[in-house]
Amino acid sequence: MKQVEHDEMVRIVKSEEVKKIIEDDLKEMDQFYLTNKGKIKSYQIDDKSINHSPMGGIKLKIYINNDEELYVFFTINKDKKSGKLVNDGGGNSAKFEKMITERKSE
Numbered sequence: 022m023k024q025v026e027h028d029e030m031v032r033i034v035k036s037e038e039v040k041k042i043i044e045d046d047l048k049e050m051d052q053f054y055l056t057n058k059g060k061i062k063s064y065q066i067d068d069k070s071i072n073h074s075p076m077g078g079i080k081l082k083i084y085i086n087n088d089e090e091l092y093v094f095f096t097i098n099k100d101k102k103s104g105k106l107v108n109d110g111g112g113n114s115a116k117f118e119k120m121i122t123e124r125k126s127e
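In this note's numbering, the protein residues as written are 22 to 127.
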């Protein structure tokens, strides 16, 4: 992949629009995210994970609470109708899934 293309993907991933997508998704999993009451205290985008998805869009991974075993994958794509960026799929690590499931049962 050309450096220019990669730099553009990084710029998109670091945008306020993608930040909102990530944080809205985290809020669905933990209503108290980024607060003392929440299980999700912080997140960081893994810059090395940012790459083009073969199915279209940009793939990325975020780490939760500075723990590389707690992560969420996202595929960011442009909605064909609205032209806005959307979360087009992804997944969670088993450890993260367990942490969130425990949160919902408390």
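A virtual CB, placed ideally from N, CA and C, is assigned to each residue, including glycine.
(Q) Buried or exposed for D45, going by 16 or more other Cβ atoms inside 10 Å? (A) exposed
(Q) Please give the ranges of any beta strand (DSSP E) in the stretch 43 to 106, keeping only runs that are unbroken, at least 3 residues long and fully inside the region. (A) 64 to 66, 79 to 85 and 88 to 99
**Q.** Nearest to N98 (by Cα), restricted to the options E89, I79, L91 and N87
**A.** I79
Q: State yes or no: is the beta carbon of G111 nearer than 7 Å to at least one beta carbon in chain C?
A: Annotation note: the requested chain C is absent from the structure, which comprises a single protein chain.
**Q.** Buried or exposed by the 16-neighbour rule on C-beta atoms within 10 Å, applied to F95
**A.** buried
Q | Integer-rounded CB distance, given that L81 should sit under 8 Å from I71 | A | 5 Å
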